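Heads up, the thing below is written out as structure tokens.
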Amino acid sequence: MKDFSGKIAVVTGGGSGIGRALVQALTSEGCSVAMCDIREADMLETVRLAEKTAVQGVKITTFVADVAQEKETLSFRDHTGEQHETDHVHLLFNNAGIGGGGSFVNTPRDQWERTFAVCWYGVYYNARAFLPMLLKAPEAHMINVSSVNGFWASLGPQTSHTAYSAAKFAVKGFTEALINDFRNNAPHVKASVVMPGHIGTNIAINSMAEFAPPDGATAEAKAMGEAFRDNGLPPPEAAKIILDGVREERWRILVGPDAVALDQAVRAHPEQAYEHGMADLVAQARAAG
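Following numbering that gives the first Met the number 0, the numbering of the sequence shown begins with 0 at its first residue and continues without gaps.
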């Protein structure tokens, strides 16, 4: 799929970060978009920003949905068909996600399972819901956003990172398995797994809001969330890498120089991946280009 003009794309988590950047990029190329998010105000801001550069005639629709709830993803699918007056879509970007559930030992079970549900079942439920519409398109592509934590289950040896990593490994494995499944049973549909490194988004801030204690997040936690947002690869650059990968029909899309370096280091030194020297190996890979 070299050209997105005249196509219809579905984007989950379209209210901020990579999702918002994808909506902006797609609509600027003449692609209509149906997005969902749990925050309506954020989606309306995405619409406002996207309309500044959108090609005339492009349609942008919003739907409030929790991707971890299958009934809501089915309602999102039905809303998409009604609002865009179509029985098919060309692109499905399973992008929505949250962080949390760090420790399998100490994190409350409900928080662990909520993180896993959004990051894994959010992909699975939307893939199930929209597959019939992808099959009806003359050409289609499912893009599932995993993470570098889909091949490296860590944030470093001093930090527990279990629920998010487990979910992202599941997303990666599921998408890789779809490659042959689609090739054998629906050859006009492609699949890609996206593995971003540090992208400057609100995921840390939004995750804190999801799991904040009654008295709110600490000032230190808020500062860390803002630092995460304000650093890293800008979301528009991430969206460009992703869309270029879709055009090139790459099944594996690494996003950011840190993702490329980490991937190289893990592949070269798998037995060292969870040891203290891993940071040095990543730095060496990045220095080597």
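Glycine is no exception: its CB is placed at the ideal position from the N, C-alpha and C atoms. Bear in mind that the values here come from a model prediction, so they are computed numbers and not experimental data.
Rounded to a whole number of angstroms, what is the C-alpha to C-alpha distance between residue i and residue j?
i    : j    : result
L73  : V10  : 14 Å
V117 : A128 : 15 Å
R38  : V63  : 7 Å
M277 : M42  : 38 Å
Y123 : P131 : 14 Å
D2   : A20  : 18 Å
A24  : H83  : 19 Å
A136 : D257 : 35 Å
G80  : T161 : 36 Å
G18  : R76  : 17 Å
I204 : K221 : 7 Å
T327 : V32  : In the structure displayed, the chain extends from 0 to 288; residue 327 sits before or after that span and is not available.
S4   : L134 : 19 Å
E274 : H268 : 10 Å
On the DSSP letters alone, give me the boundaries of the alpha helix (DSSP H) that residue i sits inside.
i    : result
A165 : 161 to 184
T85  : Unbroken run through T85: none, as it is neither H nor E.
I17  : 16 to 27
Which of the three DSSP states, helix, strand or coil, is assigned to residue i?
i    : result
N94  : coil
P234 : helix
N205 : helix
K1   : coil
A116 : helix
H78  : helix
A226 : helix
Hey, could you find the ends of the beta strand (DSSP E) residue i is sitting in?
i    : result
K135 : Taken as a continuous stretch (DSSP letters only), K135 belongs to no beta strand (DSSP E), being part of the alpha helix (DSSP H) at 121 to 135.
K189 : 188 to 195
N143 : 139 to 144
Have a look at the DSSP bridge pairing and note the partners of residue i.
i   : result
C35 : T11, F62
| At what residue ranges does the stretch 240 to 277 contain a whole run of the beta strand (DSSP E), taking only runs of 3 or more? | Within the stretch 240 to 277, complete beta strand (DSSP E) segments of at least 3 residues are found at 251 to 254, given in chain order.
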